[in-house]
Amino acid sequence: MKIRTVLIAFVLTAMLIACGRPTVPDSYQTESRPPKLMPDYTDVTVPANICPLNFRVYEVGKQVAVRISVGDLQYTYGDGMKVLIDEAEWNTLLERAKGGSMKVEVFVDEGNQWKAYQPFCINVAKDDIDPYISYRLIQPSYVAYNALTIAQRNLTNYDETDIYSNTLVTTPEVGQCINCHSYQNYRTDHMMFHMREGFPGTMIVEGNQLKKVDLKTPEIISSGVYPAWHPTQNLIAFSTNLIGQSFHTKSVAKVEVQDKESDLILYDVAKDEVFTISNDSNELETFPTWSADGNTLYYCSAHFEYENSLPPTTSSEEGIIDEGKDGEIIQRYQKLHYNIYARDFNQQTHTFGEPRIIFDAAAENKSATLPRVSPDGKYMVFSLGNFGCFHVWHAEADIWLLNLETLEAQNLEALNSDRSDSYPSFSSNGRWVMTASRRDDNNYTRPYIAYFDAQGMCHKAFELPQRDPEFYTLFLRSYNRPEFMKEPVGITPEQFAAEAKKDARKVKYVTAPHD
Amino acid sequence: MKKAIYTLLFPLAAYLILLLHADYLHAVAEGDMFISGQAFFENTLRTQGGLWTWIGCYLTQFFTYPWLGAIIITAIWTATYFLLIDAFRLKGWQCLIAWIPVFALLVSVIDIGYWMYYIKMPGYWFSQSVSFFAAVLTTWVIVRLIRLVWNKDIAWIVFIIAYFAMMQQFPVFHHRHYENHLLQVPFVVAPISVVLLSLVRLVKWEPRTKWATEIVTFVALIVFAATAYLLSFRNYNFHAEIRMQTAVEACEWDKVLKEASAAKNPTSLMVVFKNIALLHTDRLTEMFKTNNCSSLPDTGDSLTVRIAQIAGPLIYYYFAQINYAYRWAMENNVQYRLQARNLKTMARCAIMNHELDVAAKYMTVLSKSTFNKSWVREYEPMLHNAKNLRESKEYLCIAPLLNEDVNALDIDNSLPVQWIISHYADLINTKNRKQDNMALCASLWLKDEYAFCIHFYNYSKNYPSEPVPELYQQAAILLGTSEQSPINLDNFPFDQLITTRFENFNSDYASMSNMGINHKEIGTRMRDVYGDTYWWYYYFGDFKAY
Chain A
79 MKIRTVLIAF VLTAMLIACG RPTVPDSYQT ESRPPKLMPD YTDVTVPANI CPLNFRVYEV
139 GKQVAVRISV GDLQYTYGDG MKVLIDEAEW NTLLERAKGG SMKVEVFVDE GNQWKAYQPF
199 CINVAKDDID PYISYRLIQP SYVAYNALTI AQRNLTNYDE TDIYSNTLVT TPEVGQCINC
259 HSYQNYRTDH MMFHMREGFP GTMIVEGNQL KKVDLKTPEI ISSGVYPAWH PTQNLIAFST
319 NLIGQSFHTK SVAKVEVQDK ESDLILYDVA KDEVFTISND SNELETFPTW SADGNTLYYC
379 SAHFEYENSL PPTTSSEEGI IDEGKDGEII QRYQKLHYNI YARDFNQQTH TFGEPRIIFD
439 AAAENKSATL PRVSPDGKYM VFSLGNFGCF HVWHAEADIW LLNLETLEAQ NLEALNSDRS
499 DSYPSFSSNG RWVMTASRRD DNNYTRPYIA YFDAQGMCHK AFELPQRDPE FYTLFLRSYN
559 RPEFMKEPVG ITPEQFAAEA KKDARKVKYV TAPHD
Chain B
158 MKKAIYTLLF PLAAYLILLL HADYLHAVAE GDMFISGQAF FENTLRTQGG LWTWIGCYLT
218 QFFTYPWLGA IIITAIWTAT YFLLIDAFRL KGWQCLIAWI PVFALLVSVI DIGYWMYYIK
278 MPGYWFSQSV SFFAAVLTTW VIVRLIRLVW NKDIAWIVFI IAYFAMMQQF PVFHHRHYEN
338 HLLQVPFVVA PISVVLLSLV RLVKWEPRTK WATEIVTFVA LIVFAATAYL LSFRNYNFHA
398 EIRMQTAVEA CEWDKVLKEA SAAKNPTSLM VVFKNIALLH TDRLTEMFKT NNCSSLPDTG
458 DSLTVRIAQI AGPLIYYYFA QINYAYRWAM ENNVQYRLQA RNLKTMARCA IMNHELDVAA
518 KYMTVLSKST FNKSWVREYE PMLHNAKNLR ESKEYLCIAP LLNEDVNALD IDNSLPVQWI
578 ISHYADLINT KNRKQDNMAL CASLWLKDEY AFCIHFYNYS KNYPSEPVPE LYQQAAILLG
638 TSEQSPINLD NFPFDQLITT RFENFNSDYA SMSNMGINHK EIGTRMRDVY GDTYWWYYYF
698 GDFKAY
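From first to last, the protein sequence lines stand for chains A and B.
Here the first sequence stands for residues 79 to 593, numbered as in the numbering used here.
Here the second sequence stands for residues 158 to 703, numbered as in the numbering used here.
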């Protein structure tokens, strides 16, 4: 990977040297609007440790000349219609602009004349961002999957490396699905992800130790699904879900992913024990997440009573459920409205208080999913759609902010788009919010990051920069579950693969403790 | 001169054999994908043998023009042959042995048949030959260098090292719970035969005359070529399906119907293609007049073939189920390998769904391959101007079926044809004649008496002054006059000829049955006279959904 990166950098540098810098024209026509860019970096706010924001100008023309300046410091770029910024120069610009902004002027050679577009700014925040993010790279398919990668990306440059790839263990006979990578407090020495089908189990990292566990016991409906590491203790809250998919004949949403049953469990990593937190048969509990201090467990739940089919029963075999329920939940898919609840958690006794609703989405005929709490404990972000729990396919889904002191919610408009925005998360300093957004084309999910200032204001989001501005157009995978990390993962993909091939150790089911 | 002729004999034969499979090779190019640029290159390199895969994908594009792709791959094989001769210092009849790996590689390209839809190795058709050539080339270079200082025959050792160092992923023909190991034989034969070349040199036998050498060479090459041809997958229906699929994609309905009429025992996929052609030429009522019975595809082994994976996207598309077409194109791209054909379907679906951004994305991706630019140029105007879309021939075909206004949430259980038939048989509130015909014919295809009666009642109301097509009269006299029928056809003016023929059908059946002839045999005997009627299809016809 590094050799390839060096090679690409070398080629790009050589091209830059070969082409030379474009000259800003002396005379030009002016255009009273900013240029169309891909990605759209006009007036975004970026951290001072981000890699260059290369972009392509989508205007009619054959050559672009772009001048980026901070005070008297200025550089010009242009390679055809692409703008490929030198990393060292970019870092100098960032350093100068920190807490302020850089000015970007775009000139396009239309053949017989140059056109100057309205200049725009790139604002540079004083707050840095975590140096890494991780995500699963997956084609936005429905049932099928093949090569899947959980990858980590250095935000200060363009380096991307695999954390784990299922191609290390899969064969044509046995595939492997990997999902739900999760970290304790943004650190990678306590992390996990699931493996399904081939070599199934949940991979747990504790320091430099690896173990693979099987979280399914007869007492629970499935093995662990959506995870949440406790911020200080060696505990992970999971939802357990029986999931089904069905397909729209007309709607561009195309697919509904639904929980037919779901509950919550708590896994004690040190003891390899699980117990049920919540398994109300008329509630679909899911998406657990902890408060920053670890004293509260938040989660989503939809009240759903089966009317026409058999009453819910705990299935002993994962995925087996009576067809009547399948049909009913498909028929009533628009009736599934998830609210956000909180339960106090006693860190000494591991007991939970009674559920209390903190955001009643159902009352608004909406559905709230994927809550995450800011590190200072003041805010929660979540995805709000019209119904259901899988908002990545819901164009109307937006990221909302809930003030946990006042319980007032507001749409984070600067972060959102008119297409699906879901899976929000805060950076470790709470100053950046990331979302998995389908705003580019309504089908492929891309990470967008927005500055979230000390006053709780969100600024215009920017798309994760790539070395080649055309990268996202040609890349046919989605960025799934983008997560901030303070450091790269220390375990190699091969180490994960070796552990994956071992048998998973069974966890023990215990009864929930009582006060 | 003679030597040159003999040398070129096998490549020439290989080239001609490839051209005999031109339809298949063109489908291979459509079933693979190359994207120029960093993302595709890096992504491909992530897999074992990624470089060969990348080159394989690049070269497989050239099968878009089968004659051109065949020239390239034959040239690679010929170069492999010459490098082997020189690296192993072969002379006379010994050179024949160097054709064995080439023979194996040729067979590996043309013997896989239906596996072409399921193999998970992008660029398979070239990557194996390219990686093998690279190993041989490396051997040749190293052996040549070694010979400058050390006159030893160690080509086989160098080859083994080079082969394993550069080896492409070993192809696996696995689908569901079945794996075909026979198809792997060429990939074992090719390297072993190269190693054997070292032993060949130790054989001191030589034909007594030069003339005898030429005879041996000639006969051996003919045997190679004939064997390669015999090992190729030549199933008629397999090739007919490919030709029909190409014709359907281009809305060339006459070609589709011509292929259908030539087939003696068509597969279900061929029957569906035929019905799509009838649907879009407003002749759907002929679906039982033309053969609507089908057989399972003969895959040559135990491979279980599913229509969803072979042509699901295309079938859904031409039955105007755009979301489901998109879904199966995506699923097949993910499950097996990225295919230009599927990307095109996804782009077309996105245009039909007015998802113009993602349509533009797929167009950009397709334009980064070598031979899909003209396709992009044809479809791109539809992105920018809805008029271009509305005037396109496929839109004109599909549009009348598009305006169902109800969105449903459903599951097709990986059986597209079954789902489509059931969907249209259940369609209520039809909006035009095409939908009426589709609903009626789907219920007949499904042999759903109740659905037919309801649709027939509506049809009679919608078109009271028009003559009722022969098919609907045949079906109505059979299904609408029974006691269970929800409609009353006592006063329906059936055509006298149809009434008489139906009576004859019943009496012929009854007399054969009284003679103790079994039901299946009766069907066979009555087919010549009544095979064009719905009654025959209803009682004896079998459409196999898979």
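The beta-carbon is built from N, C-alpha and C at its ideal position, and this holds for glycine as well.
On a predicted model such as this, the values are computed, not experimentally measured, just so you know.
- Around the beta carbon of W368(B), fewer than 16 other beta carbons lie within 10 angstroms, which makes this residue exposed.
- For the region 526–547 of chain A, the set of positions with a beta-carbon nearer than 7 Å to some beta-carbon of chain B reads D546 in chain order.
- With respect to the 9 Å criterion, G469(B) and N490(B) are not classified as neighbours on the basis of their beta carbons.
- With a threshold of 16 other beta carbon atoms within 10 Å, L453(B) falls short and is exposed.
- Scanning the region 183–271 of chain B for uninterrupted alpha helix (DSSP H) segments of 4 residues or longer gives 195–202, 207–217, 223–245, 256–267, listed from N- to C-terminal end.
- Listed by position along chain B, the residues whose Cβ is nearer than 9 Å to that of Y223(A) are V491, Q492.
- Taking each of W168(A), P591(A), A348(A) in turn and checking the Cα distance to G431(A), the smallest one comes out for P591(A).
- Taking each of G508(A), N558(A), D531(A) in turn and checking the Cα distance to Y522(A), the smallest one comes out for N558(A).
- Residues of chain B with a Cβ closer than 7 Å to the Cβ of V330(A) are, in chain order, N510, E512.
- Here the alpha carbons of K412(B) and V405(B) stand approximately 8 Å from one another.
- According to the DSSP assignment, Y607(B) belongs to the alpha helix (DSSP H) that extends over 606–619.
- In the three-state DSSP reduction, V306(B) falls in the helix class (H, G or I).
- Between the C-alpha atoms of L572(B) and A582(B) there is a straight-line separation of about 15 Å.
- With contacts defined by Cβ atoms closer than 9 Å, A385(B) and A227(B) do not form a contacting pair.
- If you look at W478(A), you'll find it in the beta strand (DSSP E) that goes 476–481.
- In this structure H338(B) is exposed. Its beta-carbon is surrounded by fewer than 16 other beta-carbon atoms within 10 angstroms.
- If you compare the alpha carbons of D476(A), R497(A), V459(A) with that of E486(A), the shortest gap goes to V459(A).
- Excluding residues up to 5 positions away in sequence, A225 lie with their Cβ nearer than 7 Å to the Cβ of T245(A) in the same chain.
- At a cut-off of 9 Å, the C-beta of T249(A) has a neighbouring C-beta in chain B.
- For chain A, none of the residues of the region 461–476 of chain B brings a beta carbon within less than 7 Å of one of its beta carbons.
- Interface with chain B (9 Å Cβ-Cβ cutoff): Q425(A) is excluded.
- Note: M269(A) is bridge-paired with Y261(A), V283(A) in the DSSP secondary-structure output.
- At least 9 Å separates the CB of Q254(A) from every CB of chain B.
- Excluding the 5 residues flanking it on each side, T502(B) has same chain C-beta neighbours closer than 7 Å at P470, L471, Y474, A482, A486, in chain order.
- In the DSSP assignment, D346(A) falls within the unbroken beta strand (DSSP E) covering 333–346.
- For Q217(A), the neighbours in chain B by C-beta distance under 8 Å run, in chain order, M487, N490, V491.
- Assignment of V202(A) by DSSP, reduced to helix, strand and coil, places it in the strand class.
- Less than 9 Å divides the Cβ of N448(B) from the Cβ of G688(B).
- At a C-beta separation below 7 Å, I192(B) has these neighbours in chain A: L552.
- Secondary structure of L646(B) (DSSP, three-state): coil.
- Neighbours of D518(A) in chain B, taken as residues at a C-beta separation under 9 Å, are given in chain order as D514, V515, K518.
- In this structure, F540(A) and Y526(A) form a Cβ contact; the two beta carbons are roughly 7 Å apart against a cut-off of 8 Å.
- For R203(B), the closest Cβ of chain A is nearer than 9 Å.
- If you draw a straight line from the Cα of F191(B) to the Cα of N529(B), it comes to about 10 Å.
- Chain B places a beta carbon closer than 9 Å to that of E334(A), counting this residue as a contact.
- Under the three-state reduction of DSSP output, K586(A) falls in the strand class.
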